[in-house]
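S.K.:
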Amino acid sequence: MPRIKIARKSTAIDMTAMCDVAFLLLTFFILTATARQPEPLPVDTPASTVKIKLPDSDIATLTIGQGKVFFGIPGQDVRTLLLEKMSKQYGIQFTPEEIKRFSVMESFGVPIGNLKQIIALKGEERNKEGLQPGIPVDSVGVQPSELHQWIYQARYATKELHNVDMRISIKGDSKEEYPEIKKIIGILQDQNINKFSLITSLRGEDN
Amino acid sequence: MAELDTSGGGKKGGGKVRTKKMSTRVDLTAMVDLAFLLITFFMLTTTLSKPQAMDLAMPDKEKTDEQQLTIADNRTMTILLGSGNRLEWYMGLVDKQLTPPTVEGYGKNGIRKAILDKSKEVVGITGDPKKGLIVLIKPSDKSNYRNLVDILDEMKISNVQTYAIVDISDPEIELLTRDGIYK
Chain A
1 MPRIKIARKS
11 TAIDMTAMCD
21 VAFLLLTFFI
31 LTATARQPEP
41 LPVDTPASTV
51 KIKLPDSDIA
61 TLTIGQGKVF
71 FGIPGQDVRT
81 LLLEKMSKQY
91 GIQFTPEEIK
101 RFSVMESFGV
111 PIGNLKQIIA
121 LKGEERNKEG
131 LQPGIPVDSV
141 GVQPSELHQW
151 IYQARYATKE
161 LHNVDMRISI
171 KGDSKEEYPE
181 IKKIIGILQD
191 QNINKFSLIT
201 SLRGEDN
Chain B
1001 MAELDTSGGG
1011 KKGGGKVRTK
1021 KMSTRVDLTA
1031 MVDLAFLLIT
1041 FFMLTTTLSK
1051 PQAMDLAMPD
1061 KEKTDEQQLT
1071 IADNRTMTIL
1081 LGSGNRLEWY
1091 MGLVDKQLTP
1101 PTVEGYGKNG
1111 IRKAILDKSK
1121 EVVGITGDPK
1131 KGLIVLIKPS
1141 DKSNYRNLVD
1151 ILDEMKISNV
1161 QTYAIVDISD
1171 PEIELLTRDG
1181 IYK
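If you're matching them up, the sequences are chains A and B in order. Everything in the first sequence is counted per my numbering, starting at 1 for the first residue and increasing by one. Everything in the second sequence is counted per my numbering, starting at 1001 for the first residue and increasing by one.
#1: So, does the stretch 142-151 of chain A touch the stretch 1125-1138 of chain B, judging by three or more C-beta pairs under 8 Å?
#2: Check the Cβ-Cβ distances between B/Asp-1170 and every residue of chain A, and say whether any is below 8 Å.
#3: Would you mind sorting A/Gly-65 into buried or exposed? The rule is 16 or more other CB atoms within 10 Å of its CB.
#4: Grab me the residues of A/Ile-30's own chain with a C-beta within less than 6 Å of its C-beta, minus the 5 sequence neighbours each way, in chain order.
#5: Exposed or buried, A/Asp-173, counting other C-beta atoms within 10 Å across all chains shown (16 or more means buried)?
#6: If you measure between the beta carbons of A/Ser-197 and A/Arg-167, is that distance less than 8 Å?
#7: Could you say if the stretch 1022-1034 of chain B and the stretch 1087-1100 of chain B meet the contact criterion of at least three C-beta pairs nearer than 8 Å?
#8: Three or more C-beta pairs under 8 Å: does that hold for the stretch 188-203 of chain A against the stretch 109-121 of chain A?
#9: Does the beta-carbon distance from B/Leu-1175 to B/Leu-1080 come in below 8 Å?
#10: Roughly how many angstroms separate the alpha carbons of A/Asp-77 and A/Asp-165, rounded to a whole number?
#11: Show which residues of chain C have a CB atom less than 8 Å away from the CB atom of A/Met-18.
#12: Which residues of chain A have a Cβ atom closer than 8 Å to the Cβ of B/Gln-1052, listed in chain order?
#13: State buried or exposed for B/Lys-1113, treating a residue as buried only when at least 16 other CB atoms are found within 10 Å of its CB.
#14: Could you name the residues of the stretch 155-179 of chain A whose beta carbon sits closer than 8 Å to any beta carbon of chain B, in the order they occur along the chain?
#15: How would you list, in chain order, the residues of chain A whose beta-carbon sits under 9 Å from the beta-carbon of B/Met-1058?
#16: CB-CB under 8 Å to B/Ile-1111, same chain, minus the five flanking residues each way: which ones, in chain order?
#17: Pull up the DSSP beta-bridge partners for B/Thr-1135, would you.
#18: By how many angstroms is the C-alpha of B/Leu-1038 removed from the C-alpha of A/Gln-132?
#19: What number of angstroms, rounded off, separates the C-alpha of A/Ala-154 from the C-alpha of A/Ser-169?
#20: Cα separation between B/Phe-1042 and A/Arg-3?
#21: For the 8 Å Cβ check, are there 3 or more pairs between the stretch 95-104 of chain A and the stretch 116-130 of chain A?
#22: What residues in the stretch 1141-1167 of chain B bring their beta carbon closer than 9 Å to a beta carbon of chain A?
#23: Could you check if B/Ile-1181 is buried or exposed, using at least 16 other CB atoms within 10 Å of its CB as the buried criterion?
#24: At 7 Å on the CB atoms, spell out the chain A contacts of B/Met-1043, in chain order.
#25: Pick helix, strand or coil for B/Lys-1130, following the three-state DSSP scheme.
#26: Since B/Asp-1095 meets chain A, which of its residues come closer than 8 Å, beta carbon to beta carbon?
See below:
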């Protein structure tokens, strides 16, 4: 009696289509991914269970850590206008070249008097730790602090260009002492900004 | 790799010698593996790296008489943030405490239990779910930013609707000093 032969089929599948799809998706994700900008002031944000994502545009970020405050705002057009406004305010002239270089700086933390030197530096040198001393937060006499002015003018610039209210987020270091935070919140409240966002990282609800 | 040897063994006998036709198929398994690995990587980094934003509304600084509302002291819970990741809480007013001040830690095993208990209790007293617990957060100078975010997060977790960050007063600092969490 002859044995019944089971036809052996090949287990190889045609993977061409799968490969195509995979690489198409890969290309999409690579292109949409935004490269992380190097930060001049690295901070360790505290964790929370909040799951609301931060918006991308028209939100200024105040980075607070090691007793220093850095200011950052997205959008080249906003930064250009902001520097023009600030130069008018403080009577410091910037060349068009300097304004252009400033417009690609994500965030900075120097007194306005030293801004020219920081602008002149190269990207990597600029972000060296400990180089930038932070924006002065103390008011001098009747004059409001420089941070106050930066925020104030940035709000104007955002409103003029995009016709939306600028939002403010605070990115603080976990170890930062409360009085420092309080001072910043005080500056915001002086401008009647009572609503802002705290940037946190994610964690589970159990701990 | 994923291909099994399905050819029957043995030589085929005789015949002309033909030039072997090579298959043009390439094994794509490894390539697909790699592609999916990279996809996973990029997907996770793009969506997860976005920071979370916790919205915070501060009470208005300028106080006018109309904005001052009187609230029952049995509904208010005061949380004082001290040093060393410790906090202290009590119900009522600082000079008329309804419960003795308790020192506690943050998180699930610390303050959360007290908040949940009290918010239930307060709803029981007022008999109106809308009139729940009111929490006053008073960070002292010795607390850090993480403490503030933790306690605000605690408000979100235990679903406390009314809370505010208020400046700490001197009697309360004394309270913290007495319990040794103001260093």
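We treat Cβ as the ideally placed atom computed from N, Cα and C, and that holds for glycine. The structure presented is a predicted model; accordingly, all values stated were derived computationally and were not measured.
M.R.: Quick answer:
#1: no
#2: no
#3: buried
#4: none
#5: buried
#6: yes
#7: no
#8: no
#9: yes
#10: 16 Å
#11: Here the protein chains are A and B, and chain C is not one of them.
#12: Ser-48, Val-50, Lys-51, Ile-52, Lys-53, Leu-54, Ile-199, Thr-200, Ser-201 and Leu-202
#13: exposed
#14: Ser-169, Lys-171, Gly-172, Asp-173, Ser-174, Lys-175, Glu-176, Glu-177, Tyr-178 and Pro-179
#15: Ile-185, Leu-188, Gln-189, Ile-193, Asn-194, Lys-195 and Phe-196
#16: Ile-1079, Leu-1087, Trp-1089, Glu-1104, Gly-1105, Ile-1151 and Glu-1154
#17: A small correction: the amino acid at residue 1135 of chain B is Val; Thr does not occupy that position in the sequence shown. Partner(s): B/Met-1077 and B/Tyr-1163.
#18: 37 Å
#19: 13 Å
#20: 53 Å
#21: yes
#22: Asp-1141, Lys-1142, Ser-1143, Asn-1144, Tyr-1145, Arg-1146, Asn-1147, Leu-1148, Val-1149, Asp-1150, Leu-1152, Asp-1153, Lys-1156, Ile-1157, Ile-1165 and Asp-1167
#23: buried
#24: Phe-29
#25: coil
#26: By Cβ distance, chain A contributes nothing, its closest Cβ being about 24 Å from B/Asp-1095, past 8 Å.
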